[in-house]
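No gaps in the numbering here: position 549 of the sequence shown is 549 in full-length UniProt numbering, and each next residue is one more.
Where is the CB? At the ideal position from N, CA and C, for every residue including glycine.
All values derive from a computational prediction rather than experimental measurement.
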Amino acid sequence: MEISSKENTHFFLNNTILPVDRSSFKSESSASKEKQSCCGGIKIFLGALSFVYFAKALSGSYLKSTITQIEKRFDIPSSLVGVIDGSFEIGNLLIIILVSYFGAKLHRPRIIGAGCLIMSAGTFLIAMPQFFMGRYRYERFPSTINSTVSLSPCLQDKSQTPLSALEKSQAKINEGCEKEAGSSMWIYVLLGNLLRGIGETPIQPLGITYIDDYAVEENAALYIGCVQTVAIIGPIFGFLLGSLCAKLYVDIGFVDLDSITISPKDVQWVGAWWLGYLIAGVISILAGIPFWFLPKHLPKPESRKDSSTSSEHSKFIIEESKDQRTSYWQQAKLAEMAKFLPSLKNLFGNPVYILYLCASIIQFNSLIGMVTYKPKYIEQQYGQTSSKTNFVIGLINIPAVALGIFSGGLIMKKFRIGVLGAAKLSLGSSFFGYLLLLSLFAMGCENSDVAGLTVSYHGAKPMSDKEQALFSECNSGCSCSKNDWDPICGEDGVTYVSACLAGCKASNGTGKNTVYFNCSCVGTFESSQSSSAVVGPCQKGNKCPKMFLYFLVISVITSYTLSVGGTPGYILLLRCIKPHLKSFALGIYTLAIRVLAGIPAPVYFGVAIDTTCLKWGSKRCGGRGACRLYDSSALRYVYLGLTLVLGTVSIFFSVAVLWVLRKSSSPQDETLSANGERGACGTKSRKDNFVNSDRFIQSTYWPEKETRL
């Protein structure tokens, strides 16, 4: 009986399973197709998202490369440029909550595509003022421009100037005053950058979660790492594009380039800053196109179907009444709200988290301010052109940052460093990085000799009132304006603010080849025979090129050293909070960095830099324009000093983090941490510390990572 019952059971199973097996031929083929479509779909999405990351990183870094160009084109101070730079973060913050909450419920690829369109619209808007505010006017004496009227730079008597020339000059000024409203067009640059911030918002949260949802679990970390790697490549091309556009004159294609009397080495030179924004806008549009054709959902991999509720399982709860469901969701929302405040209290009650948050905020203030005005510092301190400055940053500094990030992760993995080791590595990276930065104080160039500003006409120190010091006995017979900035280089190696203030009585040639003669102020230092001058300022001292080379070497090493500590610091953040609070903690961290560092740092750095200006430009109808000449020594002390003070304060907070960790961990925990079994923040296992390996890889990307130069 026992044998027969087994046979009957076997016969029954065969009969019931056979029909399923026959019908499974189609299901197996459909499953293989589903697997192929899943893999193909996620790889297409990965490629599209990588291109978007490249596009947004390129446009962001290109904006950094055009800071000085925008300042001179719109005749605005550095503090206002800082507001424009910070508007990106403001735009990002305006909709980050809406995107994070509603984005996951809607068609994520299309929202990313819409974000790309908004981002490209903002990029185009930044470039638009170039086409509406007229041609760029730089200060030049009429004799240096191709003209049939020969004028003496030193106008001893206004009757000396032909009436027609005066009328034409006045007419041009009046025309400029009518178009002076164009100077307020920097507002469109601000609004365009604000739109860029709004458009960029959905890319990271929705793109990363889409990969996390539909990629095979073991591949998700690799995919996210690929996206972040491409994000580092973007700034390299952004700065190289900035270098290329800075070589081209701002009105290229609209004016005869042979009539331009200034060169890229001139302080008044403005490159074709708008051209790069048009290119970046087109790239953003192209990057967004694939997302309009991607599906809202992809087939989930077989390995992840069991981890989530299937659609078939959800059919069993459709039978519930509407009232019951409504009351259930209301209770769930109330429960979530009730958990919010305790979670916030729990998070801010964690001393390691709070101290690390404070250290990060202050350090990012230091780094964001330093990076934003690094091109200006190089141009003003070492007399380099905008083109060369952007080329150096893009080709040397950013690769050093990428190598530092990679090295930090490699060190963590190779030596199986725990929480305490991560805190030490992060602290050591910051300490040695800022120590190297301290050496840059000795690698500056002295002020150029500018008569009436840095030296007097008689070789002594200038008077405290710089504007009054521009006038001297040698130019007292000339009708000169103190507001002009048309520098010439005398044979005595001194730069003069204008040919008139140099007392030049005659000139020969036109354009860049103009030579001034009989200059009464030139040569008063040594002999009266050297009385000629040429267009443009004199070059910096002979030691300056060597100092610039030293600066580059130290800057690259500093960039690498500071970047090494980025990943260990983020690991410290993740391991010292409870697993269920990780997403919340990262959200608070990102929000704090953007609000308290990304927005204010460029503004107050700009205000501090403005205090070092020696000669302000003047707008055509009155009012202060952009700075023409900075005090090199004061600029060095303000720029590097502010960076180092903030960095030093952040180091003190990092020391406090290490002290709290040592105090809260036992010697046994430290030993286990070194062996990779237990962190110093508690007695959780290593598996608990790495609850989500995908998020671990994702966390190596922090705000403004690509600009940590």
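#### Entry: Three-state class that DSSP yields for Phe-431 in the structure shown
helix
### Query
Which of the three DSSP states, helix, strand or coil, is assigned to Thr-229?
helix
### Reduced DSSP category for Asn-397 - H, G, I as helix; E, B as strand; rest coil
helix
### Query
Is the stretch 127 to 139 in contact with the stretch 245 to 257, if contact means three or more CB pairs nearer than 8 Å?
yes
### Message
Given this structure, state the Cα-to-Cα distance separating Ile-208 from Ile-224, to the nearest angstrom.
### Response
7 Å
### Task
Tell me, please, which residues DSSP counts as bridged to Leu-629.
Lys-615
### Task
Give the single residue among Phe-88, Ile-112, Phe-237 and Asn-193 whose Cα lies nearest to the Cα of Met-128.
Asn-193
### Query
Taking the alpha-carbon positions, what's the Ser-360 to Ile-593 distance?
7 Å
### Task
Could you tell me which of Leu-80, Phe-431 and Ala-451 sits nearest to Val-607, measuring between CA atoms?
Leu-80
### Task
With Ser-559 as the anchor, note down where its beta strand (DSSP E) starts and where it stops.
Note, Ser-559: premise wrong, no beta strand (DSSP E); alpha helix (DSSP H) at 544 to 564.
### Separation of Leu-94 from Ala-451, as counted between CA atoms
49 Å
### Query
Is Val-250 helix, strand or coil by DSSP?
coil
### Query
Which of helix, strand or coil does DSSP assign to Gly-483?
Note on identity: in this sequence residue 483 is Asn, with Gly being the wrong assignment. Of the three classes helix, strand and coil, the one that applies to Asn-483 here is coil, per DSSP.
### Query
Is the beta carbon of Gly-271 sitting closer than 9 Å to the one on Cys-245?
yes
### Message
Taking a contact to mean a Cβ-Cβ separation below 9 Å, would you say Ser-654 touches Tyr-356 in this structure?
### Response
yes
### Query
In whole angstroms, what is the alpha-carbon distance linking Gly-238 and Thr-66?
10 Å
### Task
Identify which residue in Arg-628, Ser-243 and Ala-506 has its Cα closest to the Cα of Ser-531.
Ala-506
### Task
Please state whether DSSP places Ile-283 in a helix, a strand or coil.
helix
### Query
Would a C-beta distance cut-off of 9 Å place Asp-631 and Asn-447 closer than the cut-off?
yes
#### Entry: Burial state of Phe-293, where buried means 16 or more other Cβ atoms lie within 10 Å
exposed
### Task
Could you tell me the boundaries of the beta strand (DSSP E) in which Tyr-516 lies?
515 to 519
### Task
Would you identify the three-state DSSP class for Lys-216, choosing helix, strand or coil?
Here residue 216 turns out to be Val, not Lys, going by the sequence shown. DSSP places Val-216 in coil when its eight states are reduced to three.
### Task
Note down, in chain order, each residue of its chain lying with its Cβ closer than 6 Å to the Cβ of Gln-363, except the 5 sequence neighbours on either side.
Ser-650
### Query
Taking all protein chains shown into account, do 16 or more other C-beta atoms lie within 10 angstroms of the C-beta of Trp-616, making it buried, or fewer, making it exposed?
buried
### Query
Are the beta-carbon atoms belonging to Leu-581 and Asn-365 less than 9 Å from one another?
no
### Task
For Ile-289, count neighbouring C-beta atoms within 10 Å of its own C-beta (all shown protein chains included) and say buried if the count is 16 or more, exposed if not.
exposed
### Query
Alpha carbon to alpha carbon, what distance is there between Thr-611 and Ser-50?
42 Å
### Query
When the Cα atoms are used, what is the spatial distance from Thr-123 to Gly-276?
9 Å
### Task
With DSSP as the reference, label Leu-368 as helix, strand or coil.
Reading the sequence as shown, one finds Ile at residue 368 and not Leu. Reduced to three states, the DSSP call for Ile-368 is helix.
### Query
Assuming Val-419 contacts Arg-575 under a Cβ cut-off of 8 Å, what Cβ separation, rounded to an integer in Å, is found between them?
5 Å
### Opening and closing residue of the alpha helix (DSSP H) in which Ala-585 lies
582 to 593
### Query
If you run the structure through DSSP and keep just helix, strand and coil, what is Ser-507?
strand
### Message
Taking 9 Å as the threshold (C-beta atoms), are Val-497 and Asp-486 in contact?
### Response
yes
### Between the CA atoms of Ala-423 and Pro-568 - distance to the nearest angstrom
7 Å
### Task
Would you list the residues sitting across from Arg-624 in a DSSP beta bridge?
Ser-618
### Message
So for Ile-488, helix, strand or coil by DSSP?
### Response
strand
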